[in-house]
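Chemist: Once you've had a glance at the structure underneath, I'll fire off some questions.
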Amino acid sequence: MNFHSNKAIYIQIADLICEKILSKTFKEEERIPSVRELAIDLEVNPNTVMRTYEYLQDLHIITNKRGVGFFVNTYSIEKVTAYLRKEFMEQELPTLFKNMKILAVNINELEKLYHQYLQNNIKNSNEKK
Amino acid sequence: MIQFNNVSFGYSKQKLLYANINLELRAGSVYGLLGKNGAGKSTLLKLMAGLVYPQQGKLSVFDADPTKRDPSFMHEVFFIPEEIDTPSIHVLDFGAEHMPFYPKFNNDQFLHYLKEFDIPMTNLNTMSFGQKKKVWIAMGMASNASLIILDEPTNGLDIPSKRMLRKLIATVLNEDTCIIISTHQVKDLDSLIDKIILVDEGEIIVNTDTESITEKLVFKLSPNISTTDQYLYYETSLAGHLIVKERSLEDEATKLDLELFFNAGINNKNGIKQLFN
């Protein structure tokens, strides 16, 4: 894994796991890789993965079943969505606003583009069906 | 696990390399030992392994005195030097020769690591420098020694082997082992190192964990230099200013930039020392 973003590595790993939960690669109530398995896979220190898992436990996204491993919680999708939403609002949105200000992008312009995007999205998913 | 108490060392009595250093290393971590060329990184590693002896002070490694070179101490230390020396024998004989010195040596692991490193089953004299280095690394990791010292391990390693080395380190690290790596190629291993020791001019500038660094400092690219902010260090290029500053409450934690931290530690020794000691 390439840790390109300027976020702390343990947070980047947490984001990765959240993404896997949303995409249902890691399903609710199923076991996720052990600390060591994930550390070897991502080529990071097991202590870093441990920190990620503690962080995700604090967010009630995963649970440690002693002697068995770490499991995705029931209703974790809601929790993951809330967590990623918070991250988006607090971190990505300010960057977007900053660029909008620098480039003098009007909010109405953005709204129009957003609606266009939503429409295209609906069209595309209908075509797929 | 390792304790330096007022240790002094120099290769000549007149000129000390280290004067009265204190340093503690604990098990369960991967230490990155950083310093400029000639800063004394290899010497520090040799002191721990009992390859050179302190002139003054007390040094203990798992409660033993390394200078006694007691077998029970030697069993638990595996040192992989930067410049390796390999005899002209078959790779398996080489392993078999070292195995008896390490009671926890696991031959299956050794064979597995050799395979992962793509090492041919031949005489060592037909191998390249990088291949020989990998044989040493495979042996060190299979020794299951409590203290594994790697001096510039990524020198001479090709790209897949560096990746393999990272996976090996993540595999063998446990709460009873301590892995110490001296390196200039911080980007090769920075996702594995969780403790940093920075040495310069015979001084230990910092010995801390990466978590404390990102708690106390922020590393970021800033388009301009503010006149009100206090920076510990910054570098300027056309792309902007790479800054290191003390983290305030409103600052988000950033990813540790080891190269920038290194430069900050060398150029603003006192600023960094005050924060971490």
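The listed protein sequences derive, respectively, from chains A and B. So for the first sequence, our numbering puts the first residue at 14; every next one is plus one. So for the second sequence, our numbering puts the first residue at 426; every next one is plus one. The beta-carbon is built from N, C-alpha and C at its ideal position, and this holds for glycine as well. Because the structure is a prediction, the values reported are computed rather than measured.
Cα-Cα, which of B:I621, B:F535 and B:D510 is closest to F554 of chain B?
Modeler: Closest option to F554 of chain B, Cα to Cα, is B:D510.
Chemist: Report the residues of the segment 619-631 of chain B with a CB closer than 7 Å to any CB of chain A, ordered along the chain.
Modeler: Listed by position along the chain: D619.
Chemist: Could you work out which residues of chain D lie near A21 of chain A, taking near to mean beta carbons separated by less than 8 Å?
Modeler: Absence of chain D from the displayed structure is noted, the protein chains being A and B.
Chemist: Against T61 of chain A, what residues of chain B qualify as contacts under a CB-to-CB distance less than 8 Å, listed in chain order?
Modeler: By Cβ distance, chain B contributes S616 and D619.
Chemist: Grab the span of the beta strand (DSSP E) containing K620 of chain B for me, first residue to last.
Modeler: Note, K620 of chain B: beta strand (DSSP E), K620 to D625.
Chemist: On a Cα-Cα basis, can you pick out the residue from B:A464, B:F701 and B:G457 that is closest to G627 of chain B?
Modeler: The shortest C-alpha separation from G627 of chain B is found at B:A464.
Chemist: In three-state terms, what does DSSP make of T653 of chain B?
Modeler: In the structure shown, T653 of chain B sits in coil (DSSP, three-state: anything other than H, G, I, E or B).
Chemist: Keeping to the same chain, check which residues put their C-beta closer than 6 Å to that of L700 of chain B; ignore five residues upstream and five downstream.
Modeler: K641.
Chemist: Could I get the ranges of all uninterrupted alpha helix (DSSP H) runs contained in the segment 517-551 of chain B, with 4 residues as the minimum, in chain order?
Modeler: Listed in chain order, they are 532-541.
Chemist: Which chain A residues are close to T596 of chain B, counting only those with a beta carbon under 8 Å from its beta carbon?
Modeler: Under the 8 Å cutoff, chain A gives R49 and I53.
Chemist: For the beta strand (DSSP E) that Y443 of chain B lies in, which residues bound it at each end?
Modeler: Taken as a continuous stretch (DSSP letters only), the beta strand (DSSP E) holding Y443 of chain B covers Y443 to L450.
Chemist: N58 of chain A: which of B:P648, B:S497, B:L470 and B:Y456 sits nearest, CA to CA?
Modeler: It is B:Y456 whose Cα lies nearest to the Cα of N58 of chain A.
Chemist: By Cβ distance, which residues of its chain are closer than 8 Å to I629 of chain B, with the 5 residues on each side in sequence left out?
Modeler: Hits under 8 Å: I446, N447, L448, I622 and L623.
Chemist: Given a cut-off of 8 Å, decide if K20 of chain A and K680 of chain B are closer than it, judged by their beta-carbon atoms.
Modeler: Their beta carbons are under 8 Å apart, which means K680 of chain B touches K20 of chain A by this criterion.
Chemist: For G453 of chain B, I'd like the list of residues in its chain whose CB is within less than 6 Å of its CB, leaving aside the five on either flank, ordered along the chain.
Modeler: Within the same chain, G453 of chain B has close Cβ partners E600.
Chemist: Please name the residue, chosen from B:I562, B:N688, B:T661 and B:T639, that lies closest to N649 of chain B on a Cα-to-Cα basis.
Modeler: Closest option to N649 of chain B, Cα to Cα, is B:T661.
Chemist: Given a limit of 8 Å on CB to CB distance, which residues of the segment 104-132 of chain A reach chain B?
Modeler: Listed in sequence order: Q104.
Chemist: Compare the C-beta of K559 of chain B against all C-beta atoms of chain A and say whether one is closer than 8 Å.
Modeler: Not closer than 8 Å to any Cβ of chain A, the Cβ of K559 of chain B fails to qualify, so no.
Chemist: On a CA-only basis, which of A:R44, A:Y68, A:N60 and A:E41 is nearest D11 of chain A? Give me that one, please.
Modeler: Residue 11 of chain A lies beyond the residue range present for chain A, which begins at 14 and ends at 142; the question has no answer from this structure.
Chemist: Kindly list, in the order they appear in chain B, the residues whose Cβ is closer than 8 Å to that of E56 of chain A.
Modeler: R588, R591, K592, A595, S616 and L617, listed in chain order.
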